[in-house]
Each structure stands twice: as C-alpha cells, then as structure tokens.
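Chemist: I'd like to ask some things about the structure below.
In the working numbering, the protein residues as written are 40 to 325.
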C-alpha cells in the first residue's frame, strides 16, 4: 500500500502544467482530487515518476455561463457542483449526479475533470453529461478543442483525450423550458458506484414526450445514450404504463458488464427499471 517513488510538481496555471507534461513526457501523471490515481498508485497499478498537481489552479475551478452554456471548470469539486445555484437551475442533471457521488469527504475532494478523465464506467457524471448533450473542453500543446460527450467516452477507462492534453471544463447547454431531468442509480452498497445509473432529459408538452435523451452508466464498458429508448419515448404519453412499454428494450443489443456485483441479465433488468423511474421523475420535473 505504499506507492513507488515520484517527484511532485505543482504548476500555477494550465499553461505551466502543459509545459511540465511536455517536458516530463510519458512518465508524468496529472493529479487533481486523487480519488482514482492515488489508490492505483498505492497498489502499484500505476507508477508515475512525476505527479503534476493541477488541483489548485484557480482558472480550473470557475463555474459560469458562456453563450447559453453552463461551463464547469475541471478542477471544480463535486461539492462545488452540487452546491452551485447556477448548476442547479441551468444544468440540473449535473447537480443531481454530483449529489449522489460517494460521501461528503469524497465530494469535497474529488473533481469533475478527474472523474471524466478516468472514465470509470460506474461513475455518475458520464451519463449525466451525455443526457445533457454536453461536451468536454480540453487544452494541449496544439491548442484547445471541444469534444462532444458522445465521442469522448470510448470504453473501459478509455477516452478521446490525447497524450499531453488537460481537461479544462465541462460544458452543457442550459436546460430548455419545459424539459425535466433526473438521474437515478442502483448503487453498490459499499463504494456507492453505480451498478446501474440512468440519466434522463425529457421535453414535455401536453402530457406527452416531445423529445428525450436517456443515458446509462454502470452497465457497459462506457456510458452511452440509448437511442432505441429515446425513439420509443418520442410522442409517447408519460403515464406509467406507456413509459414502461417505451423502456422495455432498454440496453437491447449492448454488451453489458458481468462481474461479482451483477450479471448481464440483472443489469439489463436494472436498466429497464431505472430508465422507467428516471423518465417518470424527469417528466414530473418538467
């Protein structure tokens, strides 16, 4: 439980951090909240020779608005997100996800960018970002770019982030009038990670679903939007029976995880149940 030797670096800006990453090369790892990296280092699953600590760079901890988007700095803690009035009003799915991450200690230290970059399939943010139609802002030696969440999460702990790049912010469009959101999960009783999580954003008019975005985490190698469920919900009434019918084929055709916590069949059933609950809760919030 003792990590291998490493050198510690604490840059004061994103540009300085990028320079250090470039100079140190593949032997350097970024440290933000440390909730994913440090346990791996203690188990010697990760043995970086250098840690570049970006956890206290002020420019990464801002939460604000930009052209109709809510922009959450990558260094913002989960507590920052759950306690932000702006996020609660304009990006409620992110607030709902942040509220159920781990415990108070985890939420006070873990960061948005760290969770997104680690891309644990059971983490809460990815499904919420997908259902919010969000994107991830990154910066590297070649400049800045924005990656759609649908292109960012690839597989188990695998993302579109390239070597030497830093996530600078999470960007989601402000929720539209008449749209309700909800994030619900079946948590592992010890870790609180999602065995199955579902995020839903439902646009409602006249008691019917105008459009839907439904995303899952915890059940497959990466979080994903379920376009089949979204299409089935479009135009459907939002009573319990109609919603249950619309989500009956949730996660159909997806290769699901199977581990000591839950098998594929159980996760598929959880997907149906939690999709129905999340859609009904989102519709009630519209």
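Using N, Cα and C, we set each Cβ at its ideal position, and we do this for glycine too.
Could you check what DSSP says for residue 181 in three-state terms: helix, strand or coil?
Modeler: coil
Chemist: So what does residue 212 bridge to, in DSSP terms?
Modeler: 108
Chemist: Determine the burial state of residue 103: buried for a count of at least 16 other Cβ atoms within 10 Å of its Cβ, exposed for fewer.
Modeler: exposed
Chemist: Using alpha carbons as the reference points, say which of 303, 258, 250 and 259 lies closest to residue 318.
Modeler: With distances taken between CA atoms, residue 318 lies nearest to 250 out of 303, 258, 250 and 259.
Chemist: According to the Cβ coordinates, are residue 110 and residue 188 closer than 8 Å?
Modeler: no
Chemist: Is it a yes or a no for the stretch 173 to 193 touching the stretch 82 to 99, going by three-plus beta-carbon pairs under 8 Å?
Modeler: no
Chemist: In this structure, does DSSP put residue 193 in helix, strand or coil?
Modeler: In the three-state reduction of the DSSP assignment, residue 193 falls in the strand class, which pools E and B.
Chemist: With distances taken between CB atoms, is the gap from residue 170 to residue 238 smaller than 8 Å?
Modeler: yes
Chemist: How would you label residue 119, buried or exposed, when you count the other beta carbons within 10 angstroms and need 16 or more for buried?
Modeler: buried
Chemist: Am I right that residue 192 and residue 113 are in contact with their C-beta atoms under 8 Å? What's the rounded C-beta distance?
Modeler: Their Cβ separation, rounded to whole angstroms, is 16 Å, which puts residue 192 and residue 113 out of contact at 8 Å.
Chemist: What is the C-beta distance between residue 307 and residue 290, in whole angstroms, given that I count them as a contact (C-beta under 8 Å)?
Modeler: 5 Å
Chemist: Going by alpha carbons, who is nearest to residue 99 out of 51, 266, 142 and 314?
Modeler: Taking each of 51, 266, 142 and 314 in turn and checking the Cα distance to residue 99, the smallest one comes out for 51.
Chemist: Within 10 angstroms of the Cβ of residue 144, are there 16 or more other Cβ atoms? Answer buried if so, exposed if not.
Modeler: exposed
Chemist: Do three or more CB pairs link the stretch 272 to 283 to the stretch 210 to 218 at distances below 8 Å?
Modeler: no
Chemist: So residue 75 and residue 157 are in contact, right, with Cβ under 8 Å, and what is the actual spacing, rounded?
Modeler: 4 Å
Chemist: Closer than 6 Å by C-beta to residue 123: which residues in its own chain qualify, once you throw out the five before and the five after it? Chain order, please.
Modeler: 102
Chemist: Take residue 136 and list the residues in its own chain whose beta-carbon comes closer than 6 Å to its own, dropping the five residues that flank it on each side.
Modeler: 163, 164, 167 and 222
Chemist: Quick one: using the 10 Å Cβ neighbour count with 16 as the cut-off for buried, is residue 194 buried or exposed?
Modeler: By the neighbour-count criterion, in which 16 or more other beta carbons inside 10 Å mark a residue as buried, residue 194 falls on the exposed side.
Chemist: Spell out whether any CB of chain D is found under 8 Å from the CB atom of residue 90.
Modeler: Looking at the structure shown, chain D is missing, and only one protein chain is on hand.
Chemist: Looking only at C-alpha atoms, which of 246, 263, 59 and 235 sits nearest to residue 298?
Modeler: 235
Chemist: Roughly how many angstroms lie between the CA atoms of residue 240 and residue 285, to the nearest whole one?
Modeler: 15 Å
Chemist: Looking only at C-alpha atoms, which of 46, 61, 58 and 80 sits nearest to residue 90?
Modeler: Out of 46, 61, 58 and 80, 46 has the C-alpha closest to the C-alpha of residue 90.
Chemist: From residue 272 to residue 283, what distance separates their C-alpha atoms?
Modeler: 10 Å
Chemist: Run the CB neighbour count on residue 198, radius 10 Å, all protein chains shown included, and call it buried at 16 or more, exposed below.
Modeler: Residue 198 sits buried, since 16 or more C-beta atoms from the chains shown fall within 10 Å of its C-beta.
Chemist: CB-CB under 8 Å to residue 94, same chain, minus the five flanking residues each way: which ones, in chain order?
Modeler: Taken in chain order, the residues that qualify are 70, 71, 72, 73, 114 and 150.
Chemist: Our contact map puts residue 257 next to residue 224 with C-beta atoms below 8 Å; I'd like the distance itself, whole angstroms only.
Modeler: 7 Å
Chemist: Which runs of the beta strand (DSSP E), 3 residues or longer, sit entirely within the stretch 156 to 180?
Modeler: 174 to 179
Chemist: Decide if residue 206 is buried, meaning its Cβ has at least 16 other Cβ atoms within 10 Å, or exposed.
Modeler: That one is buried.
Chemist: Look at the Cβ atom of residue 60, then the Cβ atom of residue 67, and state whether they are nearer than 8 Å.
Modeler: yes
Chemist: I'd like to confirm the pairing. Which residues does DSSP put opposite residue 353 in its beta bridges?
Modeler: Nothing can be reported for residue 353, as the shown portion of the chain is limited to 40 through 325.
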